[in-house]
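J.: Read top to bottom, the protein sequences are chains A and W.
Residue 375 in numbering that gives the first Met the number 0 is what sits at position 376 of the first sequence, and the numbering runs on without skipping anything.
Residue 369 in numbering that gives the first Met the number 0 is what sits at position 370 of the second sequence, and the numbering runs on without skipping anything.
Built from N, CA and C at the ideal position, the CB exists for glycine as well.
Predicted, not measured: the structure shown is a model, and the values here were computed from it.
Protein chains: 2
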Amino acid sequence: MSIAGTDAARVATATLLRIAEPGSPALSTYVREHGVLAAIDAVRAGAPIGGMDTDGMRHRLEGASGERDIERAASVGARLLCPGDAEWPTMLDDLRWVDRDCLGLWALGPLSLADACEQSVAVVGTRVATDYGAHVATEFAAGLAEVGWTVVSGLAYGIDGVAHRAALASGGPTVAVLACGVDVPYPSGHRSLYDRIATEGLVVTEHPPGAAPQRPRFLVRNRIIAALSLGTVVVEAALRSGARSTATHAGLLNRHLMVVPGPITSATSAGCHQLLRDRPDAVVVTRVEEIVEQCGHMGELAAQLSAPASVRDALGPTVGRVLEGVPVKRASTVAAIAATAGVSVDVAVASLAALATAGLVAQVDGRWSMTDAGRSDRKARRGPAPRQLPFDDW
Amino acid sequence: MSIAGTDAARVATATLLRIAEPGSPALSTYVREHGVLAAIDAVRAGAPIGGMDTDGMRHRLEGASGERDIERAASVGARLLCPGDAEWPTMLDDLRWVDRDCLGLWALGPLSLADACEQSVAVVGTRVATDYGAHVATEFAAGLAEVGWTVVSGLAYGIDGVAHRAALASGGPTVAVLACGVDVPYPSGHRSLYDRIATEGLVVTEHPPGAAPQRPRFLVRNRIIAALSLGTVVVEAALRSGARSTATHAGLLNRHLMVVPGPITSATSAGCHQLLRDRPDAVVVTRVEEIVEQCGHMGELAAQLSAPASVRDALGPTVGRVLEGVPVKRASTVAAIAATAGVSVDVAVASLAALATAGLVAQVDGRWSMTDAGRSDRKARRGPAPRQLPFDDW
Numbered sequence: 000m001s002i003a004g005t006d007a008a009r010v011a012t013a014t015l016l017r018i019a020e021p022g023s024p025a026l027s028t029y030v031r032e033h034g035v036l037a038a039i040d041a042v043r044a045g046a047p048i049g050g051m052d053t054d055g056m057r058h059r060l061e062g063a064s065g066e067r068d069i070e071r072a073a074s075v076g077a078r079l080l081c082p083g084d085a086e087w088p089t090m091l092d093d094l095r096w097v098d099r100d101c102l103g104l105w106a107l108g109p110l111s112l113a114d115a116c117e118q119s120v121a122v123v124g125t126r127v128a129t130d131y132g133a134h135v136a137t138e139f140a141a142g143l144a145e146v147g148w149t150v151v152s153g154l155a156y157g158i159d160g161v162a163h164r165a166a167l168a169s170g171g172p173t174v175a176v177l178a179c180g181v182d183v184p185y186p187s188g189h190r191s192l193y194d195r196i197a198t199e200g201l202v203v204t205e206h207p208p209g210a211a212p213q214r215p216r217f218l219v220r221n222r223i224i225a226a227l228s229l230g231t232v233v234v235e236a237a238l239r240s241g242a243r244s245t246a247t248h249a250g251l252l253n254r255h256l257m258v259v260p261g262p263i264t265s266a267t268s269a270g271c272h273q274l275l276r277d278r279p280d281a282v283v284v285t286r287v288e289e290i291v292e293q294c295g296h297m298g299e300l301a302a303q304l305s306a307p308a309s310v311r312d313a314l315g316p317t318v319g320r321v322l323e324g325v326p327v328k329r330a331s332t333v334a335a336i337a338a339t340a341g342v343s344v345d346v347a348v349a350s351l352a353a354l355a356t357a358g359l360v361a362q363v364d365g366r367w368s369m370t371d372a373g374r375s376d377r378k379a380r381r382g383p384a385p386r387q388l389p390f391d392d393w
Numbered sequence: 000m001s002i003a004g005t006d007a008a009r010v011a012t013a014t015l016l017r018i019a020e021p022g023s024p025a026l027s028t029y030v031r032e033h034g035v036l037a038a039i040d041a042v043r044a045g046a047p048i049g050g051m052d053t054d055g056m057r058h059r060l061e062g063a064s065g066e067r068d069i070e071r072a073a074s075v076g077a078r079l080l081c082p083g084d085a086e087w088p089t090m091l092d093d094l095r096w097v098d099r100d101c102l103g104l105w106a107l108g109p110l111s112l113a114d115a116c117e118q119s120v121a122v123v124g125t126r127v128a129t130d131y132g133a134h135v136a137t138e139f140a141a142g143l144a145e146v147g148w149t150v151v152s153g154l155a156y157g158i159d160g161v162a163h164r165a166a167l168a169s170g171g172p173t174v175a176v177l178a179c180g181v182d183v184p185y186p187s188g189h190r191s192l193y194d195r196i197a198t199e200g201l202v203v204t205e206h207p208p209g210a211a212p213q214r215p216r217f218l219v220r221n222r223i224i225a226a227l228s229l230g231t232v233v234v235e236a237a238l239r240s241g242a243r244s245t246a247t248h249a250g251l252l253n254r255h256l257m258v259v260p261g262p263i264t265s266a267t268s269a270g271c272h273q274l275l276r277d278r279p280d281a282v283v284v285t286r287v288e289e290i291v292e293q294c295g296h297m298g299e300l301a302a303q304l305s306a307p308a309s310v311r312d313a314l315g316p317t318v319g320r321v322l323e324g325v326p327v328k329r330a331s332t333v334a335a336i337a338a339t340a341g342v343s344v345d346v347a348v349a350s351l352a353a354l355a356t357a358g359l360v361a362q363v364d365g366r367w368s369m370t371d372a373g374r375s376d377r378k379a380r381r382g383p384a385p386r387q388l389p390f391d392d393w
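As structure tokens, this is what we get:
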């Protein structure tokens, strides 16, 4: 982390954001192991990075200048955020779990990103929102703003724009994650909204100043939206919708996934219902209180760790699934646990580390087993379910 | 069973249905252990039945006559169904799990109840349906009828009536479960619907001829609706809705619980969303195909038992939860398994019996443990989840 704090590393980060498309596993791994300066050196020398062909990057490197991008950003009031900066939210580092690290972010606006994301929810959905979806997004974003939560979204038409606007109207913080340069107000119909967020909230992006929005960039961008929030609320989504990719990331990053149901006759709710059917971790939400209740857990992690309540509750759904995959009585390999939990090996490794920190699992000779605390936690979790109402309670 | 087939037992059953409110655990247990004739004798002798005071029953017995009720029913074309009859669906015997046995049913209509319920779904919901709910109930009931499924419901205003009508309109079988006498067309506005179901479908009830509908009888009746169907679809329900009691029974009886979402702004969908939030076994359904897919499992139980697919899938959600509660490596008591699974001891006992039949668990010295087949089944169930999409599949 410390080297990223040096001027040379900041310039190298700016350069890297200019020459590389974000979300590359090979580059993520390389930078994690060797740092940004070495990555630039490797590109310049024509050395391969992981298995990745760096010809394109080397070509772009010729015309690139980190200093110039930093100056260009500064000219519109924007700044570069690097891992380890005071303003860098550690939540972004969870992207390591999916090997799609965020190497740096351009930011424009008065808020501190780390502060803004401490209590944050992504409110996302279709570009072609119905009146119903717009109404719900407005209610949720306004309600979240009123209780001090930050609304993260993607500045798109439809649900995204409505959510940003409602948060601003309630005087709440809002963060827009772009799929283009921090100085590119896209879509054009949202120029004034962009201006307002840049003035009162925060606009962030991995793309260099001036970068145009391109189709694949929206999907890669969605992982940042998911990472920057404790949970994602999908308000309205068609069967094929970018909101689904945000939902996928939310799950992979151990974030809460909340879904707003709608009429089954509405095409713009079909993606929501599909999520509810397909994703065991998807939770129906109908009120702001339910969102706060859902996401509050993670915010209260520190307090809950020493509390008698189930520690796993505090660790979020994915880590919970991984704990579920650890055999109660014997030790198991990461690969077996990952398979049992239905997560990737990387996610399992990260989750097991978190569980070990919480004292629920322990590693011996490369195999993981449950501790006594883990067993009691599991037992506590599996008490009688609330549905066991006495018959006469109706 | 055999004694219930005798004329004396049939008369005693008719008498019992006249003098006892259905769904009494004490009477259920007594009849299960001693038979209907002994139960009548006990009432006549003023002997207690379980801990139940039988004064009221004895008083009613003075004016009661099973023969007369059988004749009275016959005069309107109705018949008495007793456990063990060819037309008696064994599904009704599952009510033993909740200790609220169905001791007998009055039936009116041309269908065989056992045949009608072989592939059956309950479609239930609020009496004050919206256009949306009525539309969905119509689509679902018509679609189910078209693929040969029976629609079970409660003849109430709103969703129930719409579902019956749509099934009839599609030429499909439909079963109405009443909370009053088989000869009492209630509610009065549904007299012609009642007539049509009695002519083309089946009207059934536990209550004696002429019995008036009374408030508590609707809730007790709902367990019969749940028991007579492989799954229950709640189309629209307010927060306090009888449909929720049907949903509770569906869960306790190991039936599939399917819920139709709606706008979160609609009070008549609030109960549906609450079910989706509270009940881990509640599944969102948006199309008839999804209902058939969900409930088909149980219908295909026999075939699936020898198939390599997970046997537990075929056993339904509650039995699945109980299997989940059986330790993989050691033996455990019924009480411990019930607590782990979050079900009552009675449900655990019944589920373990089903699991033992399927060869997944075995009992030794009063303790239950998993068989090798059970362990493989569990392993098969826990393969990688479908959500583990490669990132580039978007």
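Roughly how many whole angstroms lie between the Cα atoms of Asp6 (chain W) and Glu138 (chain W)?
T.: One C-alpha to the other measures close to 44 Å.
J.: Name the chain A residues that come within less than 8 Å of Tyr131 (chain W), Cβ to Cβ?
T.: Ordered by position in chain A, the residues that pass the 8 Å Cβ test against Tyr131 (chain W) are Pro262 and Thr264.
J.: Three-state secondary structure (DSSP) at His255 (chain W)?
T.: Three-state DSSP puts His255 (chain W) in a strand.
J.: Under 9 Å Cβ-Cβ, which residues of chain A neighbour Arg276 (chain W)?
T.: Val282, Val283, Val284, Thr285 and Glu289, listed in chain order.
J.: Tell me the DSSP bridge mates of Gly230 (chain A)?
T.: DSSP lists A:Val120 and A:His255 as partners of Gly230 (chain A).
J.: Assuming Leu201 (chain W) is part of the beta strand (DSSP E), what are its boundary residues?
T.: Taken as a continuous stretch (DSSP letters only), the beta strand (DSSP E) holding Leu201 (chain W) covers Leu201 to Thr204.
J.: Mind checking Ala211 (chain W): buried by the 16 CB within 10 Å criterion, or exposed?
T.: So Ala211 (chain W) counts as exposed.
J.: With Leu79 (chain A) and Thr12 (chain A) assumed to form a contact (beta carbons below 8 Å), what rounded beta-carbon distance in angstroms separates them?
T.: Indeed they touch by this definition, with Cβ atoms about 7 Å apart.
J.: Could you give the C-beta distance for Val174 (chain A) and Val291 (chain A), rounded to a whole number, given that I count them as a contact under 8 Å?
T.: Actually they are not in contact, since the Cβ atoms of Val174 (chain A) and Val291 (chain A) sit about 18 Å apart, beyond 8 Å.
J.: Return the CA-CA distance between Thr125 (chain A) and Leu91 (chain A), expressed in angstroms with no decimal places.
T.: Roughly 24 Å separates the two Cα atoms.
J.: Keeping to the same chain, check which residues put their C-beta closer than 8 Å to that of Leu177 (chain A); ignore five residues upstream and five downstream.
T.: Answer for Leu177 (chain A): Gly153, Leu154, Val183, Tyr185, Val202, Val203, Thr204, His206, Pro212 and Arg220, listed in chain order.
J.: My parser needs the alpha helix (DSSP H) runs of 4 or more residues fully inside the stretch 16–76 of chain W; what are they?
T.: Complete alpha helix (DSSP H) runs here, min 4: 24–33, 35–43, 54–62 and 65–74.
J.: Return the residue from the list A:Ala38, A:Pro21 and A:Gly22 that minimises the CA-CA distance to Tyr29 (chain A).
T.: Comparing Cα positions, the closest option is A:Ala38.
J.: Does the Cβ-Cβ distance between Val120 (chain A) and Cys294 (chain A) come in under 8 Å?
T.: Result yes, Cβ atoms of Val120 (chain A) and Cys294 (chain A) sit closer than 8 Å.
J.: Does any residue of chain A bring its CB to less than 8 Å from the CB of His255 (chain W)?
T.: No - not a single Cβ of chain A is within 8 Å of the one on His255 (chain W).
J.: Compare the C-beta of His272 (chain A) against all C-beta atoms of chain W and say whether one is closer than 8 Å.
T.: Yes, because at least one Cβ of chain W sits closer than 8 Å to the Cβ of His272 (chain A).
J.: Going along the chain, which residues of its own chain have a beta-carbon closer than 7 Å to the beta-carbon of Val344 (chain W), five neighbours each way excluded?
T.: The residues are Val333, Ala334 and Ala337.
J.: Identify whether Ala211 (chain A) lies in helix, strand or coil by the three-state DSSP scheme.
T.: In this structure, Ala211 (chain A) counts as coil in the three-state DSSP scheme.
J.: Using a Cβ cut-off of 8 Å, pull out every chain W residue sitting near Val360 (chain A), in sequence order please.
T.: Residues of chain W passing the Cβ test: none, with the nearest at roughly 17 Å.
J.: Please give me, in chain order, every unbroken run of the alpha helix (DSSP H) with length at least 4 that falls completely inside the stretch 145–169 of chain W.
T.: Listed in chain order, the complete alpha helix (DSSP H) runs (minimum 4 residues) inside the stretch 145–169 of chain W are 158–168.
J.: Would DSSP call Leu110 (chain W) helix, strand or coil?
T.: Residue state, collapsed to three classes: coil.
J.: Looking only at its chain, what residues have a beta carbon closer than 7 Å to the beta carbon of Asp277 (chain W), apart from the 5 residues adjacent to it on each side?
T.: For Asp277 (chain W), where only same-chain residues beyond five positions count, there are no Cβ hits under 7 Å.
J.: Can you list the beta strand (DSSP E) stretches of 3 or more residues lying completely in the stretch 340–364 of chain W, in chain order?
T.: Runs of the beta strand (DSSP E) inside the stretch 340–364 of chain W: 360–363.
J.: Anything in chain W within Cβ reach of Val135 (chain A), meaning under 8 Å, just list it in chain order.
T.: Per Cβ cutoff of 8 Å: Ile263 and Thr264.
J.: Taking 7 Å as the line, does the beta carbon of Ala133 (chain W) fall inside it for any heavy atom of the ligand FMN?
T.: By its list of ligands, the structure shown contains no ligand whatsoever, and the ligand FMN lies outside what it can speak to.
J.: Out of W:Ala73, W:Thr264 and W:Ala165, state which residue places its alpha-carbon closest to the alpha-carbon of Gly200 (chain W).
T.: Cα-wise, what sits closest to Gly200 (chain W) is W:Ala165.
J.: Does any residue of chain A have a CB that is nearer than 8 Å to the CB of Val259 (chain W)?
T.: Answer yes: the Cβ-Cβ gap between Val259 (chain W) and chain A drops below 8 Å somewhere.
J.: Just the C-alpha distance for Leu274 (chain W) and Val258 (chain W), rounded to the nearest angstrom, thanks.
T.: Using only the alpha carbons, I get a separation of about 8 Å.
J.: Just to confirm before moving on: does the CB-CB distance between Ala246 (chain A) and Val233 (chain A) stay below 8 Å?
T.: Result yes, Cβ atoms of Ala246 (chain A) and Val233 (chain A) sit closer than 8 Å.
J.: Would the beta-carbon of Ala330 (chain A) fall within 8 Å of that of Arg366 (chain A)?
T.: Closer than 8 Å, so yes.
J.: Would you list the one or two residues that DSSP bridges to Ser368 (chain W)?
T.: The partner list for Ser368 (chain W) (beta bridge, DSSP) reads W:Ala361.
J.: By the 10 Å Cβ neighbour count, where 16 or more other Cβ atoms means buried, how is Pro21 (chain A) classified, buried or exposed?
T.: Pro21 (chain A) comes out buried.
J.: Would you tell me roughly how many angstroms separate the C-alpha atoms of Trp148 (chain A) and Arg214 (chain W), rounded to the nearest one?
T.: Using only the alpha carbons, I get a separation of about 46 Å.
J.: Starting from Leu79 (chain A), trace the beta strand (DSSP E) both ways and give me its first and last residue.
T.: Residues Arg78 to Leu80.
J.: Just to confirm the assignment, what range does the beta strand (DSSP E) spanning Thr173 (chain A) have?
T.: Thr173 (chain A) -> beta strand (DSSP E) spans Thr173 to Val176.
J.: Count the other C-beta atoms from every protein chain shown that fall within 10 angstroms of the C-beta of Gln397 (chain A), then say buried if there are 16 or more, exposed otherwise.
T.: There is simply no residue 397 (chain A) to check, as chain A begins at 0 and stops at 393 in what is shown.
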